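> Let me give you the structure first, and then I'll get to my questions.
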Amino acid sequence: MEDSMRPPGMRDMLPDDVERFRIIESAFRTACLGWGYREVRTPTLERLHLFTAAGTLSPQMLDRVYSFLDWDGWSGERVVLRPDSTIPVVRLYVEKLKDAPSAKLFYVQNVLRFAQGDESREDWQCGAELIGDTYPLGDLELILIAYEVFERLGFTPEIKLSDPGILRGVLSKAGYAQAERLSVYDRLLDGDSNALSGVQERLPTGTGAALQMISMEGDGSAFLSNLRSVLASGMPEVASVIDELATIAGVLTDIGKPPKIAPALVRNFEYYTGPVFHLFIGDIKVAGGGRYDALISEVGGSPVPASGFALEMEPLASLLVPTGSTARPAIRIASAGNNGTDIGAVFALARALRTAGVNVVVGESGISARWIMASSEGFSLTEENGKALRLTSVEEVVQAVADAGHD
Amino acid sequence: MIKFALPAGDLRGRVAELLNRAGLPIEGYGEGSRTYRLAARGRGDVTTRVFREKDIPVQVALGNYDLGVCSISWVKEMSVRFPRQPIVPLLDLGFGRSSLWAAGAQGHCDQLDDLSRLAAVRIASEYPNIAESFARSARLARYRVQSVWGAAEAYPPEDADCVIVPAAGEDLLREGRIQPLFKLFDSSAWLVANALALTKKDLSSVVAPLLSAGTATNGGDDLRLPGPLARCPSDPTAIRRDTVRLAIPDGHQQRHVAEALRAAGLTFNEYGDGETFRRPVSGIEGLDVKVIRPHDMPQLIATGEFDLAITGRDCLLEHRYAFPSSPATELLDLQRGQYNLSAVVSEDLPANTLDEALTLWRAEGKAILRVAAEFPVTADHYARSRHFWRYQVIPIAGASEGFVPEDADLLIEGTETGKTLMENNLKAIDLLYRSTTCVIGHRDHELNGRRRRVVDDLINALEESARAAGPV
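Given below as structure tokens:
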């Protein structure tokens, strides 16, 4: 017999977990709404082909999706439990919102991907997508929204910037054909540290330090200048990528949020085409996102610039200290007897108190030190100090509670 | 006791020879044998069971058997989808060699890159998990994998753009009018073991003699998958067809269908009791005929590849249980090839109905019911609708009579006379349905002109044939 009836990798959320979740969600929603974003939800099931084309999910990530033939899937074409939210939001935009000049959307929803053992297979994402706004305004706006969420939660995160264009430029310089480049890049995205073996010797003389540099991490503009001096002479196409990063890094530094530059920090999703950012609290990555200008045309729309980010809910929730119940204090109402008239009195009072905005707990067990015994003959209100007050009508009880300033 | 799973089918002769050389002769095992449970002569510590090759990795991974012999291709088919299954390939036995290929329709997909031209790639294979991996790795933007019971090589070009098939050589593929595109791996027969059994149980008295008697080689290749194909503009041009396409079955239904066709006055050259030709000549203008596995027909009707098919009601129901809104529908009962699909248990189980059996198993505290079936979706539907508690459906490819009671509690099995059940100490305790051979078609396809006439003439003739056979 297994330990639990739940499938491996699936999590129950207990009241404390849900409370932490709601705190994050609330900070996220407040920030997004404040920057003019509107909430959407996409379906749990999507068509698999939305995720299979090159430029969307890497093959290793695709090996972890939950795909199956639906009840009407006799053609053999599969559906998938949403493994990612950005691609479905892009589909939603292409199908429903493409006539709008731009779309600022956010969502709170789960994604499902297989993981080994009991590692979580269902993750929640708070994500925002900005479709139709170009570099660098959109990128900076998203970084600042994400930053605001953490400030609202009481954290000061560290910003790290990268751009997959740097890695792509290096692979291109090493002479990889398009298909090979995609294959090496797929492996890199999935964290295969051996993927770059063989790249070094294919790089032309004078560009040997490139691989070392892109695996380093440095401070904003200074590190970018060094990176530019090493890479740009042999790989001019990388220069413009570095310049883009430098613009964003410059603005962030000017507003007092200087970023780190981590060129190799691109993982898991291959649709990013421009600047990518990550937010860290200590060593824990709590948010990530970036520019994906090619994705909308991959999914069938016209070429439209876009970028987005998502919070990493599970690690972030683990950083929050549980505060106990956020529910307001409640008055307990017990019934004097088990007959219909006494019980009727309990619920008549409960409804009146709820109408007056007072929280109630009905039943013998409760969390309130103040409580009311209700019967067909009247009510007994016991205060926290043990003093009891006899009242005859529902209105009197509501008034007494209001006078005592309860709640 | 060491439990050893041995293959039925083509490998039997070579495996029997190897076992004899290793001093492990198995009574009654060899070419043409049909017994499922066999004893190793002079070896009371070894018990063997004969399975269809495809079922052996599943049985070894489940831990029902400690050792097994099968083509490594079936192990890869399972492990590519379930990489953590506890099965260990121990020894390449060096025979049963072939390779698994991705092959395309000649003149349509002659190179791997041709697949990226297609708006949606149709892939047919008996290896659906490997086919899915192939498609994902090649980054095909849109594809659908048709999991077939056999005859995948006959699908291109009409019914598939690409097939994943075993072949001993590239030339054999070309002879069959399909073009080798990519070799996935070389395959041969292997000795495989359950990983847990290897760590807990002394299997050396079987493994060691096989190692010394074997013609071991360096082992098969790892599964190779293609890299991403370059994206090419898609060419969604639909081919307009002006003929009626009819699918007729191979295998055990072939005899019944040939009789029904004869009784209808229809003779398709090269279709009968002998060797299977995939494209018999119909002799009727505007009618194309293809011979494929009956299990695969409902899907091909639903997707519109065929207009009519002659198959068993069992195959249609299996498809309809999986896809309740499928447009594949029964048009005519040919009143032939009748059998019962039944729930079958061991004769020794003191129960005569399913309810009695369930009560008994519950009283025994059986935590999980093992249901073996050649029609796994039907079995799953049955288990759900009869309110089984926790259960697992074990899909099997054949040789089903030997599963109960050791490897399954319940078998969903076809029976004609009940004689085979009795011979195998089994009994039926519930009837799922009666199956006969029938004509199926697409519920919503409206045909006009010549195609309508061809279909009407065929159905009328087959109705005569059904009347002649009479109600079963």
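Residue numbers (my numbering), protein chains in the order written: chain A, 447 to 853; chain B, 804 to 1275. Even glycine gets a Cβ: it sits at the ideal position worked out from N, Cα and C. Here the structure is a predicted model, which is why all the values come from computation and not from measurement.
(1) Run down chain A in chain order and give the residues with a C-beta less than 9 Å from the C-beta of L943(B).
(2) Distance cutoff 8 Å, beta carbons only. Does G1030(B) sit that close to anything in chain A?
(3) Express the C-alpha separation of A678(A) and R468(A) in angstroms, rounding to a whole number.
(4) Determine, using beta carbons only, whether T1106(B) comes closer than 8 Å to chain A.
(5) Are the region 986-994 of chain B and the region 892-908 of chain B touching by the rule of at least three beta carbon pairs closer than 8 Å?
(6) Distance cutoff 8 Å, beta carbons only. Does E523(A) sit that close to anything in chain B?
(7) Please name the residue in V511(A), G522(A) and E541(A) whose C-alpha comes closest to that of V745(A).
(8) What's the gap between the Cα of H1122(B) and the Cα of P709(A)?
(9) Would you grab the beta carbon distance between S928(B) and V948(B) for me? Rounded to a whole angstrom, and I think it's under 8 Å.
(10) Sort out for me which residues DSSP pairs P810(B) with in a bridge.
(11) List the whole-angstrom C-beta distance separating A1202(B) from A811(B), where the pair is believed to meet the contact cut-off of C-beta under 8 Å.
(12) If you reduce the DSSP assignment to three classes, tell me which class D913(B) lands in.
(13) Taking the straight line between their C-alpha atoms, what separation do you get for L609(A) and R884(B)?
(14) Quick check on DSSP: helix, strand or coil for H724(A)?
(15) Let me make sure I understand the geometry here. Which of Y581(A), K544(A) and L527(A) has the alpha-carbon closest to that of R559(A)?
(16) If T787(A) and S822(A) are in contact, beta carbons under 8 Å, what's the gap, nearest whole angstrom?
(17) Which two residues bound the contiguous alpha helix (DSSP H) that contains P969(B)?
(18) Specify whether the region 544-556 of chain A and the region 514-525 of chain A touch according to this definition: at least 3 beta carbon pairs, one from each stretch, less than 8 Å apart.
(19) Do R1173(B) and I1197(B) have their CB atoms nearer than 8 Å?
(20) Hey, how far is the Cα of Q1119(B) from the Cα of F1126(B)?
(21) Excluding the 5 residues preceding and the 5 following Y1142(B) in the sequence, name in chain order all residues of the same chain whose CB lies nearer than 7 Å to its CB.
(22) Below 8 Å, can you find three or more Cβ-Cβ pairs linking the region 603-619 of chain A to the region 774-785 of chain A?
(23) So the beta strand (DSSP E) F985(B) belongs to, where does it begin and stop?
(24) What residues in its chain sit with their C-beta under 7 Å from that of P1246(B), if we drop five residues either side in the sequence?
(25) Is DSSP giving K544(A) helix, strand or coil here?
(26) Please check the pair F552(A) and Y622(A), which I expect to be a contact at CB under 8 Å, by giving their CB distance rounded to whole angstroms.
(27) Can you name the residues of chain B whose CB is closer than 9 Å to the CB of D518(A)?
(28) Can you list, in chain order, the residues of the region 945-964 of chain B whose Cβ is nearer than 8 Å to any Cβ on chain A?
(29) Mind pulling the chain B residues with CB within less than 7 Å of L741(A)?
(30) Where are the beta strand (DSSP E) runs, 3 residues long or more, that stay fully inside the region 790-836 of chain A, in chain order?
(31) Any contact between the region 846-865 of chain B and the region 973-986 of chain B? By contact I mean 3 or more CB pairs, one from each, below 8 Å.
(32) How about V792(A) and R800(A): are their beta carbons less than 8 Å apart?
(33) Hey, out of V1148(B), S1008(B) and S950(B), whose CA is closest to A1160(B)'s CA?
(34) Buried or exposed for I1248(B), going by 16 or more other Cβ atoms inside 10 Å?
(35) I need the straight-line Cα distance from L802(B) to R855(B), nearest angstrom please.
(36) Please confirm whether L508(A) has its beta-carbon closer than 8 Å to some beta-carbon of chain B.
Put simply:
(1) H495, T498 and A499
(2) yes
(3) 46 Å
(4) yes
(5) yes
(6) yes
(7) E541(A)
(8) 51 Å
(9) 7 Å
(10) F854(B)
(11) 5 Å
(12) coil
(13) Note on identity: in this sequence residue 609(A) is Asp, with Leu being the wrong assignment. When rounded, the distance between both Cα atoms is 33 Å.
(14) strand
(15) L527(A)
(16) 4 Å
(17) Element bounds for P969(B): not the alpha helix (DSSP H) but the beta strand (DSSP E), C965 to A970.
(18) no
(19) yes
(20) A small correction: the amino acid at residue 1119(B) is Leu; Gln does not occupy that position in the sequence shown. When rounded, the distance between both Cα atoms is 10 Å.
(21) G1217, T1218, E1219 and S1238
(22) no
(23) I981 to S990
(24) In the sequence as displayed, the identity of residue 1246(B) is Arg instead of Pro. Answer for R1246(B): P1130 and T1132, listed in chain order.
(25) coil
(26) With a Cβ gap of about 37 Å, F552(A) and Y622(A) do not count as contacting.
(27) F1126, P1127, S1128 and S1129
(28) R945, Y946, R947, V948, Q949 and S950
(29) None at all; the shortest Cβ gap to chain B is about 13 Å.
(30) 805-808, 817-821 and 824-828
(31) no
(32) no
(33) V1148(B)
(34) In the sequence on display, residue 1248(B) carries His and not Ile. Under this definition H1248(B) is an exposed residue.
(35) Examination of residue 802(B) is not possible in this model, given that chain B is present from 804 through 1275 alone.
(36) yes
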